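In what follows, a single structure is set out as structure tokens and then discussed.
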Amino acid sequence: GDDLLMKSLSEVSGTGRIILSAAKEFEAAKEDDTLKHGVFTNFLMEGLRTGEADSDDDGLVNIDELYDYAYDKTTKGFQQTPTKYGKCEGKIFVGKNPEKIRQMEYREKERILISKTQMGLNFDIYDLSFTILSKDYKDPGSLTENEKSIKPFLEALIKGNLSVSTYINTVSELQQTHVKKDNIDELDAATPRLYDEEQIKKKIDGLNKSAKQMFDEGKYRDAIVKWKDVLALDNEYLDATKGIKEANKLLKERKVKEFCQKCNRMNERELEYCTQCGTKLSL
């Protein structure tokens, strides 16, 4: 067999054994002097390399798709008939369609970004975020410096590691920073990086301060949300890790019941208002 083909087909998924032959039993397989191997093998490699063999556009190339692709290409241009035989259970995947997978990932990011508008993401920042997402997919080199500075926070938002409110505040601050920078003719190359680091540190300090205040007020769930935003910016920030652990511990301890004087309903202690009648509970 062809070593080049065997190398590409070495990583397969599924169970079974499939054998591909370049030609029928008494038929000569055509060789291409420039390719240094058979034409059928060439089309197999082409289907894998380009992802064009992915006929159902699911981002994956299975052995049947690959064979059909190479078979059609071979029989149309050469007088030889490839064959396939063997048995398998399910589909045996032999490659990916990189461009299709990239497109699918982009569509999923679009969907998630749209869903954030239902969580408070305003139109102006959504529009800017969509532009950044689109540019990064189609032409990353066209991103402006301001858009590049926003991109990591957009990625954190899409992954669910950053709340919508924190993202909005961060983008607003970065936009204001960009306007100020436009008034400066020349900047040292390191300045944007240093400024970004300072901005992130300032953002972390502000979030941590808010979280501690909420914690002191007994608003443990709100404090946890803020500390998670801190960890999205710095996953080794000890104050946030310790704060979340302590807040969760106290939440468990507060799972006692609070009696509503008006409707006699028992509510969880952490609630401020009765879930039955809306009366403010005495905490």
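Numbering (this note's numbering), first residue to last: 10 to 292.
Every residue, glycine too, gets a C-beta built ideally from N, C-alpha and C.
Predicted model only: the values in this text are computed from it and were never measured.
If you compare the alpha carbons of Tyr-78, Leu-69, Glu-74 and Asp-136 with that of Pro-107, the shortest gap goes to Leu-69. Gly-150 and Leu-142 have their C-alpha atoms some 12 Å from each other. Rounded to the nearest whole angstrom, the C-alpha separation of Thr-90 and Tyr-78 is 13 Å. Sequence-distant Cβ neighbours of Thr-179 in its own chain, meaning closer than 7 Å and more than five residues away, are Phe-162 and Lys-212.
Around Ser-181, the same chain offers Ile-134 as residues with beta carbons nearer than 8 Å, after the five sequence neighbours per side are excluded. Closest in C-alpha terms to Arg-111, from the list Gly-86, Asp-66, Thr-153 and Glu-154, comes Asp-66. The beta carbon of Asn-217 lies closer than 7 Å to those of Val-239, Asp-248 and Ala-249 in the same chain, with the five residues before and after it left out. Met-128 counts as exposed, since fewer than 16 other beta carbons sit within 10 angstroms of its beta carbon. If only uninterrupted alpha helix (DSSP H) runs of at least 4 residues are considered, those enclosed by the stretch 66-117 are 72-86. Following the DSSP letters along the chain, one finds Thr-50 inside the alpha helix (DSSP H) bounded by residues 48-59. In this structure, Tyr-229 keeps its C-beta atom at 9 Å or more from the C-beta atom of Leu-183. Close CB contacts of Lys-160 within its chain, under the 8 Å cut and outside five residues either way in sequence, are with Ile-141, Asp-145 and Leu-152 (chain order).
No residue range can be given for Lys-33, since it is assigned to no alpha helix (DSSP H) and is classified by DSSP as neither H nor E.
As a beta-bridge residue in DSSP terms, Arg-26 pairs with Lys-96. A Cβ-Cβ distance of about 5 Å is found for the pair Gly-252 and Trp-236, placing them in contact under the 8 Å criterion. For Glu-156, the enclosing alpha helix (DSSP H) covers residues 154-168. Beyond the five residues adjoining it in sequence on each side, Gly-95 comes within less than 8 Å, by CB distance, of Gly-25, Arg-26, Ile-27 and Ile-28 in the same chain, given in chain order. Thr-92 and Asn-170 have their C-alpha atoms some 50 Å from each other.
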